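For reference, the structure is listed below as structure tokens.
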Amino acid sequence: MESSPFRLLRNLSRTREIATVLLNHGFGDLVDRIGLREVWYQSIRRVFFWRRHKPLQKCTTVERVRLSLESLGPTFIKFGQVMSTRPDIVPPAMITELKKLQEHVPPFGSEAAIREVESELGKPVHELYREFDMEPLAAGSLAQVHRAVAFDGSQLVVKIRRPNVVRDIERDLSLLEQMAVLAEAHVPETRVFDPTGLVKHFARSIRREVNFAREGRTMDEFRRLFADDPSLYVPKVWMDLTTEAVLTMEYIDGIKVDDRDALVNAGCDPCAVAASGARLYMKQAFELGVFHGDPHPGNVRVKPCGTIVLLDFGMIGILDADIREQLVDLFVAISRQDVPLAVRAVLKFGESSTAVDEALLHVDMRDFLGNYYGVPLDKLNVGTLLGDFMSLLTTHQIRCPGSLMLLIRAIVTLEGIGRRLDPDFNLAPVLQPYIENVVRARFSPQRLRAEFRAEAKKLWNVAHELPAHINKAVAKLSQDDLRVHLEHQGLGQLILELERASNRLVVGFVVSALIVASALIIRQGMDSLWFSVPIYFTSSVLALWLIYGIFRSGRL
Numbered sequence: 001m002e003s004s005p006f007r008l009l010r011n012l013s014r015t016r017e018i019a020t021v022l023l024n025h026g027f028g029d030l031v032d033r034i035g036l037r038e039v040w041y042q043s044i045r046r047v048f049f050w051r052r053h054k055p056l057q058k059c060t061t062v063e064r065v066r067l068s069l070e071s072l073g074p075t076f077i078k079f080g081q082v083m084s085t086r087p088d089i090v091p092p093a094m095i096t097e098l099k100k101l102q103e104h105v106p107p108f109g110s111e112a113a114i115r116e117v118e119s120e121l122g123k124p125v126h127e128l129y130r131e132f133d134m135e136p137l138a139a140g141s142l143a144q145v146h147r148a149v150a151f152d153g154s155q156l157v158v159k160i161r162r163p164n165v166v167r168d169i170e171r172d173l174s175l176l177e178q179m180a181v182l183a184e185a186h187v188p189e190t191r192v193f194d195p196t197g198l199v200k201h202f203a204r205s206i207r208r209e210v211n212f213a214r215e216g217r218t219m220d221e222f223r224r225l226f227a228d229d230p231s232l233y234v235p236k237v238w239m240d241l242t243t244e245a246v247l248t249m250e251y252i253d254g255i256k257v258d259d260r261d262a263l264v265n266a267g268c269d270p271c272a273v274a275a276s277g278a279r280l281y282m283k284q285a286f287e288l289g290v291f292h293g294d295p296h297p298g299n300v301r302v303k304p305c306g307t308i309v310l311l312d313f314g315m316i317g318i319l320d321a322d323i324r325e326q327l328v329d330l331f332v333a334i335s336r337q338d339v340p341l342a343v344r345a346v347l348k349f350g351e352s353s354t355a356v357d358e359a360l361l362h363v364d365m366r367d368f369l370g371n372y373y374g375v376p377l378d379k380l381n382v383g384t385l386l387g388d389f390m391s392l393l394t395t396h397q398i399r400c401p402g403s404l405m406l407l408i409r410a411i412v413t414l415e416g417i418g419r420r421l422d423p424d425f426n427l428a429p430v431l432q433p434y435i436e437n438v439v440r441a442r443f444s445p446q447r448l449r450a451e452f453r454a455e456a457k458k459l460w461n462v463a464h465e466l467p468a469h470i471n472k473a474v475a476k477l478s479q480d481d482l483r484v485h486l487e488h489q490g491l492g493q494l495i496l497e498l499e500r501a502s503n504r505l506v507v508g509f510v511v512s513a514l515i516v517a518s519a520l521i522i523r524q525g526m527d528s529l530w531f532s533v534p535i536y537f538t539s540s541v542l543a544l545w546l547i548y549g550i551f552r553s554g555r556l
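Counting in UniProt numbering, the sequence shown runs from 1 upward without gaps.
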């Protein structure tokens, strides 16, 4: 595998750009600790002309993080947006700031859009659509949308991926992965957040988001799953006009779901819309195990008849049966005040890079459940409950699976939309029957038989493989092939102190040499000045450059 420094140097220009943005926004210490300073210094002009922008000196740390991400472009903006959905690892103040991330991206040219469509679909655009609107309907960091008309008269929208965006994303993902590795190696306090795991999760997410063929197939699957449910409509996809870079789908002109006045004027009951949306979402998550991952108001429309329309299926969450049951266990534990059950559920679906203090977790879980003592399940404020639960996980440095965090964010979003439509909206009564269904299904005879067969098969496999494992271990012992892996820890501070000591020696020698040189020049008199002074001046400039670099590194 290619080592981190070489992969950073392979994208030297972009690495310098990232380092410069971080330095300009006041994160010089981070640049030093993950080893980007040396790469940045290769651009000599920046050594002399770098300075922090004065307006940024008044910004808070979280504001500077947001501004840095916005300066670095679409991949880093998307990374920040994904991090804003992780209250289990990101502080509340940072989440609030990351939610402000904006994509300042102008539309790309219509000619480029036409070229992309024709290149992907293999025909001139006039042979693909009866009409194609050259002006984009909307533009984002990954794609832009154009109106079109099919030959049968159907109104369409064509979503076109930005040229070269995949190349840029892959380059930035490679750099993010290596920066995460360096952060874990040189900034020990970041290890609890599992930076490499977070970057891998983000990489999977954004790669899915730029694959429009996958999005089209997902939309078709949702159309099939809800074909018999008139309360939800998913736009039709023209798969013969869809590739990884182009998505052609039905155009829907609906009302934004959070526009209460428009819904009333169209004859819709906002309270009924809120209840219907909540029911549909709970069905997706707890019954089907697959759900729309980004139900913000821009992605949800309502037809005049009250039917809900979902748009943009680039972000999808998947909940397997185990995670669903563990989440249900948590709600059951809250209603029963069952601390051991709640702790078991958390330890099953939670992840932690450090040992969890289970005794302290029991104490904090008892306090958490006590906040909801005597509150019936159908009266819970789900959004507040999940927020308190995330705070508990953060305290114990426990991370949730990405799909569960996506669900929690979606539930909080839905509850906010529901309250704008209906001040008395409560998600808990909608959630309760789905929780009861999961509990009943868990103890059904069919489920118990299936689990018994699965466990018996596992036991048989272990018994079958055990002799082979024993033979392998004995063979290694007999051949002296048993290896013990050791890892040095805590050497970082020692190395830093050695670097500081050597830097002080260098500065001392340089200053001493300059003093001696000055004395020699004065002693030699005017006759040798024409030769000595230029050499002295050049040496002084180089010495000052060296001293400046040492001071800027902060290792003196």
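Every residue, glycine too, gets a C-beta built ideally from N, C-alpha and C.
These figures come from a predicted structure and were not determined experimentally.
Between Leu280 and Ser231 the beta-carbon gap is near 6 Å, inside 8 Å, which marks them as a contact.
With respect to the 8 Å criterion, Ala262 and Asp422 are not classified as neighbours on the basis of their beta carbons.
Taken through DSSP and simplified to helix, strand or coil, Met134 comes out as strand. DSSP places Val302 in the uninterrupted beta strand (DSSP E) bounded by 300 to 302.
The shortest C-alpha to C-alpha distance from Gly298 to any of His396, Asp259, Phe291 is the one to Asp259. Cβ neighbours of Ile114 within its own chain (closer than 7 Å, five residues either side excluded): Val125. Going by DSSP, Glu250 is part of no alpha helix (DSSP H) but of the beta strand (DSSP E) stretching over 246 to 250. Only residues of its own chain outside the window of five on either side were considered, and among them Val210 have a CB closer than 7 Å to the CB of Val166, listed in chain order.
Contact between Leu361 and Val343 holds: their C-beta atoms lie close to 6 Å from each other, under 8 Å. Spatial neighbours of Val149 in its own chain (CB-CB distance under 6 Å, excluding positions within 5 residues in sequence) are listed in chain order as Arg130, Glu131. The beta carbons of Met94 and Val117 sit no closer together than 8 Å. Pairwise C-beta distances place the region 246 to 256 out of contact with the region 193 to 207, as fewer than three of them are shorter than 8 Å. In the structure shown, the three-state DSSP call for Ile255 is strand. Annotation for Gln155: the continuous beta strand (DSSP E) segment containing it runs 155 to 161. Residue range 382 to 395 is occupied by the alpha helix (DSSP H) that includes Gly383. In the same chain as Ile169, and ignoring 5 residues on each side of it, the C-beta atoms closer than 7 Å to its own belong to Thr75, Ile206, Val210, in chain order.
Apart from the 5 residues on each side of it in sequence, Lys99 sits with its Cβ closer than 7 Å to the Cβ of Ser84 in its chain, given in chain order. The residue from Gly317, Ser352, Met365 with its alpha-carbon nearest to that of Pro340 is Met365.
Between the alpha carbons of Ala138 and Gly370 lies a distance of about 48 Å. The beta carbon of Met315 lies closer than 6 Å to those of Gly293, Asp294 in the same chain, with the five residues before and after it left out.
For Val65, the enclosing alpha helix (DSSP H) has its first and last residue at 61 to 72.
Nearest to Ile398 by alpha-carbon distance, out of Cys59, Val82, Lys123, Val90, is Val90. Only buried fits Leu182, as 16 or more other CB atoms lie within 10 angstroms of its CB. Annotation for Gln144: the continuous beta strand (DSSP E) segment containing it runs 143 to 149.
Annotated as distal: Phe222 and Thr242, with beta-carbon spacing of 8 Å or more.
Contact check for Val290 against Arg301 fails: the beta carbons are separated by 8 Å or more. Taking all protein chains in view, the Cβ of Glu451 is surrounded by fewer than 16 other Cβ atoms within 10 Å, so the residue is classified as exposed.
About 17 Å separates the beta carbons of Ile411 and Leu392, which is beyond the 8 Å limit, so they are not a contact pair. Annotated as distal: Leu121 and Glu250, with beta-carbon spacing of 8 Å or more. The alpha-carbon of Val375 is positioned some 24 Å away from that of Thr394. Nearest neighbour of Phe226 by Cα position, chosen from Ile255, Leu288, Asn265, turns out to be Leu288.
Annotation for His201: the continuous alpha helix (DSSP H) segment containing it runs 195 to 209. The alpha carbon of Ser403 has as its nearest neighbour, out of Ile77, Arg86, Thr60, the alpha carbon of Arg86. By a beta-carbon distance limit of 8 Å, Leu407 contacts Leu319. Their separation comes to about 7 Å. The alpha-carbon separation between Ala513 and Ser502 amounts to approximately 16 Å.
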